[in-house]
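Residue numbers for the sequence shown follow the working numbering, beginning at 24 and rising by one.
Note that CB positions come from ideal geometry on N, CA and C, so glycine has one too.
Bear in mind that the values here come from a model prediction, so they are computed numbers and not experimental data.
Below is one structure; the comments refer to it alone.
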Amino acid sequence: MNSSGVADVKPTAIEEKPPRAILDAVLLGLSIFLWALFGIYTREAGTLASLWPANAFLLAMLVRFPSLATRYAFPAALLGYFAADLLTGGTLLSTTILTLANLAGVALGYFLLSRMQEDDRHLRRPQSVLLLMLILAASSAAAGCVGAFANKILFERGMIGGFFWWFVTEFVNYVAIVPVILTIPHGFRLRGERRRLRIPSPSLTRLAPFLAFLLSAAASVAVGGPGALAFPVPALLWCAVTYGLFGTSVLTFLFSVWTLLGIANGVLHVAPDADRDTISLRLAVMLVALAPLMVASIFEARNRLIEQLRYRAAHDDMTGVLNRVAFFEQARQMLASANREAQPFVVLMLDLDRFKSINDTHGHEIGDRILTPFADCLRSCLRKKDIYGRIGGEEFAALLPDCGRAEAELVAGRIIDTFSRAQFDLETVSINATVSIGFAVRDAGQTLEALLSTADRALYLAKNAGRNRAEYAENRLQ
Numbered sequence: 024m025n026s027s028g029v030a031d032v033k034p035t036a037i038e039e040k041p042p043r044a045i046l047d048a049v050l051l052g053l054s055i056f057l058w059a060l061f062g063i064y065t066r067e068a069g070t071l072a073s074l075w076p077a078n079a080f081l082l083a084m085l086v087r088f089p090s091l092a093t094r095y096a097f098p099a100a101l102l103g104y105f106a107a108d109l110l111t112g113g114t115l116l117s118t119t120i121l122t123l124a125n126l127a128g129v130a131l132g133y134f135l136l137s138r139m140q141e142d143d144r145h146l147r148r149p150q151s152v153l154l155l156m157l158i159l160a161a162s163s164a165a166a167g168c169v170g171a172f173a174n175k176i177l178f179e180r181g182m183i184g185g186f187f188w189w190f191v192t193e194f195v196n197y198v199a200i201v202p203v204i205l206t207i208p209h210g211f212r213l214r215g216e217r218r219r220l221r222i223p224s225p226s227l228t229r230l231a232p233f234l235a236f237l238l239s240a241a242a243s244v245a246v247g248g249p250g251a252l253a254f255p256v257p258a259l260l261w262c263a264v265t266y267g268l269f270g271t272s273v274l275t276f277l278f279s280v281w282t283l284l285g286i287a288n289g290v291l292h293v294a295p296d297a298d299r300d301t302i303s304l305r306l307a308v309m310l311v312a313l314a315p316l317m318v319a320s321i322f323e324a325r326n327r328l329i330e331q332l333r334y335r336a337a338h339d340d341m342t343g344v345l346n347r348v349a350f351f352e353q354a355r356q357m358l359a360s361a362n363r364e365a366q367p368f369v370v371l372m373l374d375l376d377r378f379k380s381i382n383d384t385h386g387h388e389i390g391d392r393i394l395t396p397f398a399d400c401l402r403s404c405l406r407k408k409d410i411y412g413r414i415g416g417e418e419f420a421a422l423l424p425d426c427g428r429a430e431a432e433l434v435a436g437r438i439i440d441t442f443s444r445a446q447f448d449l450e451t452v453s454i455n456a457t458v459s460i461g462f463a464v465r466d467a468g469q470t471l472e473a474l475l476s477t478a479d480r481a482l483y484l485a486k487n488a489g490r491n492r493a494e495y496a497e498n499r500l501q
């Protein structure tokens, strides 16, 4: 009964839908349970697992997909750890201590990683891998501190040895798994959206680094010995400069899994004779995996810088549309394609009306601030396959492939109507601006310059006819 005297109506259990956060937490806990089982069944009795993916998976998923980092996440993970260990014969004491060690490292790692800049979390800068390694080392040390007590209580061994054993094992697993998840491309979504990952078509040139990696892994098995760990290094570095961050992370993960399980099961004959040898080998695996990640991160930063330079070289700084040089380059390519395929093709010349008067009356700064909204108007009115650019001052041009005169008239009218209805409230002044448009339709074999000249002639017809309108001009023999 509520304050108004009306009985409260509660939804039935069938009507209630569990929040997405709870569903995500259940799936996360189930994943931890399965990964923990995998680690338990691949370890030797009385030792830590050679490969323990659960902690690294939990940490990376919480950082890469922030929607998972809810108040339900750690309780769900806790249940996953407990269920896996108790199901396989662990005592309540051992399960509690081991789970505490697992979550200690994950909690510290999440606290530190969530405070990194986004580019560093996705390893996009040269120093990103180093920062990630420092955080993963701190996380491993946190697990090692609890592991030191666990080693004394559960295995009746020294605390210092337990710390180093735990630290190295955690560190190797973090380095192998965390970068894979952190570098998952942004086109990937957990639920509810289409995957938009683009996978390049395979070719022998592109497959060569991966084939070299497989051959080097086979050679390490055939030859054996401590040096076998280094056999895949050249191939992994080749992969790093070919496949990018995500691809390299996947391959270093495969290398780490293959090597750690191979050593544990005797497939790789590197003869670890004592705990110290095993720790040394695991550190070697971690360092081999680290090198290609650093190379891939540096190349990622280099490629991003090149893309930024290319963009700035091809686009107008003020409006963001193509500049004159880039526009003419792309326009010639588009015109050549239209000539080959005999497609209809339209060129628009666009000029802001009385722009010089606006500059003289209100100043060049006010005039410049009208150009950007006009560029936005072009983006909203033109198709994605159309190209457009600023070719000088207040003058713009656009090329519309697969478009005839009737369609061009509609497009021009839409641009004129949209821009004329815009009100520019710029500080103390309010301005209404308009645009005049001239357009021409391609004739077979006509050059770009001739087509632009015809459209320019139509533009002057529009100016002379009163502005804020579009005019069409017939092509003349050139």
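Which one or two residues does DSSP pair with residue i in a beta bridge?
i: Gly-412; result: Leu-345 and Ala-420
i: Leu-494; result: Residue identity check: residue 494 is Glu in the sequence provided, not Leu. Its beta-bridge partners are Gly-461.
i: Leu-371; result: Ala-421 and Phe-462
i: His-338; result: Leu-345
i: Ile-454; result: Phe-447
Thinking residue i and residue j are a contact (beta carbons under 8 Å), I'd like their distance in whole angstroms, please.
i: Glu-417; j: Phe-462; result: The pair is not a contact, with the Cβ atoms about 17 Å apart (cut-off 8 Å).
i: Ile-410; j: Ala-421; result: 7 Å
i: Ala-253; j: Val-308; result: No, Ala-253 and Val-308 are not in contact; Cβ-Cβ is about 11 Å, not under 8 Å.
i: Ile-207; j: Phe-269; result: 6 Å
i: Val-370; j: Leu-475; result: 6 Å
i: Ala-83; j: Ile-204; result: 4 Å
i: Ala-165; j: Gly-128; result: 5 Å
i: Asp-143; j: Leu-154; result: 5 Å
i: Thr-93; j: Tyr-104; result: Wrong, their Cβ atoms sit about 18 Å apart, outside the cutoff.
i: Ser-243; j: Leu-177; result: In fact, because the Cβ distance is near 34 Å, the residues do not count as touching under 8 Å.
i: Leu-401; j: Val-344; result: 7 Å
Mark residue i as exposed unless 16 or more other C-beta atoms lie within 10 angstroms of its C-beta, in which case mark it buried.
i: His-145; result: buried
i: Ala-365; result: exposed
i: Thr-342; result: buried
i: Ala-30; result: Bear in mind that a pLDDT of 42 at Ala-30, under 50, signals an unreliable position, so the number given afterwards is only what the model happens to contain. Classification for Ala-30: exposed.
i: Pro-315; result: buried
i: Tyr-64; result: exposed
i: Pro-232; result: buried
i: Thr-282; result: buried
i: Asn-487; result: exposed
i: Tyr-133; result: buried
i: Gln-150; result: exposed
i: Gly-386; result: exposed
i: Glu-193; result: buried
i: Ile-329; result: exposed
i: Val-434; result: buried
i: Arg-305; result: buried
i: Leu-81; result: buried
i: Ala-359; result: exposed
i: Leu-500; result: The pLDDT assigned to Leu-500 is 42, lower than 50, so where the model puts this residue is not dependable; a value taken from the coordinates is nonetheless given after this. The residue is exposed, with fewer than 16 neighbouring Cβ atoms inside 10 Å.
i: Ser-137; result: exposed
i: Gln-469; result: buried
i: Thr-384; result: exposed
i: Gly-489; result: exposed
i: Thr-275; result: buried
i: Arg-214; result: Confidence at Arg-214 is low in this model, with a pLDDT of 49, below 50, so the placement of that residue is unreliable and no value is reported for it.
i: Ser-163; result: buried
i: Thr-477; result: buried
i: Ala-336; result: exposed
i: Gly-62; result: buried
Do residue i and residue j have their CB atoms nearer than 8 Å?
i: Met-372; j: Ile-460; result: yes
i: Gly-52; j: Leu-102; result: yes
i: Ser-239; j: Pro-249; result: no
i: Arg-413; j: Asp-479; result: no
i: Cys-404; j: Thr-457; result: no
i: Ile-158; j: Tyr-95; result: no
i: Asn-196; j: Gly-185; result: no
i: Ala-106; j: Ala-48; result: no
i: Arg-147; j: Glu-323; result: yes
i: Val-464; j: Pro-367; result: yes
i: Arg-347; j: Gly-390; result: no
i: Ala-59; j: Arg-66; result: no
i: Met-156; j: Leu-313; result: yes
i: Ala-429; j: Leu-423; result: no
Confirm the yes/no value for this check: CB of residue i, any heavy atom of the ligand GTP, distance under 7 Å.
i: Ile-454; result: Absent from the structure shown: the ligand GTP. Ligands present: none.
Problem - Validate contact between the segment 189-205 and the segment 162-180 using beta carbons, cut 8 Å, 3 pairs - result: yes
Practice task
Pair every Cβ in the segment 193-203 with every Cβ in the segment 75-83, then say whether three or more of these pairs are closer than 8 Å.
Solution key: yes
Practice task
Would you be able to state if there are at least three C-beta pairs under 8 Å between the segment 487-499 and the segment 386-399?
Solution key: no
Handout entry: At least three beta-carbon pairs within less than 8 Å, the segment 260-273 to the segment 314-334
Key = The segment 260-273 vs the segment 314-334: in contact.
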